[in-house]
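Numbered by mature numbering (1 follows the signal peptide of the UniProt record, and there is no 0), the letters in the sequence shown go through residues -19 to -1, 1 to 407 in order.
Even for Gly, the Cβ is constructed at its ideal location relative to N, Cα and C.
Everything on this sheet refers to the single structure shown next.
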Amino acid sequence: MYKIIFGAVLFLTFCSKLCVKCSENSNDEEDSFVPTHEWQVVKKGQKIPKGLHVRVNFESGITEAKLLDENTTEETKAVVQVPDAENSNTKNPAHFKLSQEELKEALKNIKSEEIKEEKTQKFRSYEELKDDLSELNISPKTDFELLKELVSLHKKLQKSNENEELMISIIEDLEYLVHQIDNANDFVTLNGFVDIIYPNLNSTSVDIKSGTLKLFGSSVQNNAKVQIHALETGAVGILLKALVLNSNHEIKNRAIYALSSLMRRFPLAQTQFLDSAGLNVFEELLQKSNNIKLLLKIVTLIHDLILEHNDALSDTNNNLEKIKQYNAVNLKRKLKDQNWCPYLVTLLGNIIKVDVSDHDAVEKILNTIISSDVCNILDNLQLQTLVSHLQSYYTDIIQVDDDKYFQQLLDLCNSLVRPLKHKSEL
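This is the structure:
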């Protein structure tokens, strides 16, 4: 196909420069081509009368010609009319040849026209798509319409208590949609928390509860309006209950994720968490759980909330009400009052015992010990021993690995033992 088009374009260009040389003195009738309405091969050296359709096969070199048809249309791209030799000013045979630049230009035009046609066929406007879908009795739906249908279908399945697989699929679809703030707000408008999330947390299905906790976290994350709604509908107590009553590690991890999404940058939720004995729930887990991933989630959340508190108090742009709310939380004071130091030191010791090369876990615990300021290393021999071990360990690593990350870990250790060094100097 491309070869035919290529030949046609070359011939169009060729014929635009072509002049049929006529010999006025020649009387040799045998050298003249006699045209009919059928395609005939033009023999080499034969003269072609003016006003014919001519085509050339550039692969075989064969030239054919015929008389013009009255119904000939412009769609015949491979056929052109030979110009009148008498009207042609071209005398030089060199003009029959195409330059390299002309060939390139012809090829470029073919390519650009094909691309343009392909794009035109490939892309259609939204209105065209709507028309096509309407013919199939299908109409594009807004996110709100999808949310409304999913919520309605989920409520029907809840009543029948059937098709758990479909319910899980609906929860996943909802979770995907509520990542957008407007969709999460609409989910609240559709009463999604009261009708879907909270009832699902009482389900006997681990997958439904786990998926619902993820849906909760995605709904409230970085969304003040939804956070307020969740707080006002009792979310803190419900999430703590899910954390305590479920033995499944996945559900516990998802519950921590949900609490974390609710409390970050929301001091009122942090206050309610503390008032609801949230720290006691965390302490229970730190003492009894052997799920390192879960415990590190707790430690990381505490560290992040402390940093958030410090940043809020140091930010001069914050209004007095916000500063007042963070001061009411006073997380560091409550951690000291509930003696969190032993929990953190024990967790650090377990990490070192199980896998000292788990640098990320070591970093998180060291950061929390430092930021919370709950431990006095001068009076804590266990912490002194652990940090001394880590100092030696990271010093040895730095000798063979110049990665700055290990130097940062060593700096954390040095920061912890600085009071010991200061005491010895005295």
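Is residue i helix, strand or coil when you go by DSSP?
i           : result
A211        : helix
V63         : In this predicted model, V63 has a pLDDT of only 47, less than 50, meaning its place in the structure is not dependable; the value taken from the coordinates is given anyway. DSSP places V63 in coil when its eight states are reduced to three.
H34         : strand
residue 453 : As displayed, the chain neither begins before -19 nor continues past 407, which places residue 453 out of reach and without an answer.
N68         : Unreliable positioning characterises N68 in this predicted model, as indicated by a pLDDT of 47, which lies under 50. The coordinate reading is nonetheless provided below. Helix, per DSSP.
L48         : strand
V22         : strand
K136        : helix
K28         : strand
D392        : helix
S270        : coil
S373        : helix
S228        : coil
A352        : The question names Ala, yet the displayed sequence has Ser at residue 352. Here S352 sits in helix by DSSP.
S13         : strand
Q380        : helix
A223        : helix
G198        : helix
H284        : helix
residue 412 : Residue numbering for the chain in the displayed model covers -19 to 407; residue 412 lies beyond these limits and cannot be assessed.
H76         : Reliability fails at H76, whose pLDDT of 47 lies under 50, so the model's placement of it is uncertain and no value is given.
Q253        : helix
Q363        : helix
K(-3)       : Residue confidence for K(-3) is low, a pLDDT of 47 falling below 50, so the modelled location carries little weight; the figure read from the coordinates is stated next. The answer is helix: DSSP assigns K(-3) an H, G or I state.
P400        : helix
V159        : coil
I346        : helix
Please report how far the alpha carbon of residue i lies from the alpha carbon of residue j, in whole angstroms.
i           : j    : result
Y238        : S200 : 12 Å
V159        : N204 : 10 Å
V355        : S141 : 51 Å
R246        : D124 : 27 Å
V398        : I358 : 7 Å
Q388        : Q363 : 23 Å
K129        : K274 : 36 Å
F254        : K278 : 16 Å
P400        : G330 : 21 Å
L(-2)       : H18  : With a pLDDT of only 45 at L(-2), under 50, the local geometry of the prediction cannot be trusted, and the value read off the model is given with reservation. Rounded to the nearest angstrom, the two C-alpha atoms are 23 Å apart.
L134        : I189 : 15 Å
L212        : N164 : 19 Å
N272        : I177 : 29 Å
D336        : K206 : 42 Å
V169        : H210 : 8 Å
K334        : T327 : 10 Å
A342        : I332 : 7 Å
L48         : S13  : 14 Å
R36         : I43  : 9 Å
residue 439 : L226 : With the chain covering only -19 through 407, there is no way to say anything about residue 439.
A250        : S338 : 36 Å
N229        : S270 : 11 Å
S184        : A216 : 16 Å
K122        : K137 : 21 Å
S41         : G32  : 24 Å
L266        : Q380 : 38 Å
N144        : S150 : 10 Å
Q139        : E231 : 23 Å
I283        : Q208 : 19 Å
I304        : L147 : 46 Å
Q268        : D377 : 32 Å
Q27         : N38  : 17 Å
R314        : K222 : 25 Å
When you compare the CB positions of residue i and residue j, do they come within less than 7 Å of one another, or not?
i           : j    : result
R235        : S295 : no
L240        : L220 : yes
P248        : V310 : yes
E45         : V22  : yes
V280        : K385 : no
T214        : I152 : no
residue 408 : L182 : In the structure as shown, the chain starts at -19 and stops at 407, and residue 408 therefore has no counterpart that could be examined.
S257        : G198 : no
A293        : N299 : yes
L390        : Y375 : yes
K233        : L224 : yes
Please classify residue i as buried or exposed, where buried requires at least 16 neighbouring CB atoms within 10 angstroms.
i    : result
L312 : buried
D382 : exposed
K24  : exposed
Q161 : exposed
T252 : buried
D167 : buried
Y307 : buried
(message) Whether or not the segment 251 to 264 and the segment 317 to 336 are in contact is what I'm after, with contact meaning three or more pairs of Cβ atoms, one per stretch, closer than 8 Å; do they touch?
(response) yes
(request) Mind the definition here: the segment 387 to 398 touches the segment 361 to 374 only if three or more C-beta pairs lie below 8 Å; say whether that holds. (result) yes
(request) Count the CB pairs spanning the segment 275 to 289 and the segment 347 to 354 that are closer than 8 Å, and state whether there are at least three. (result) yes
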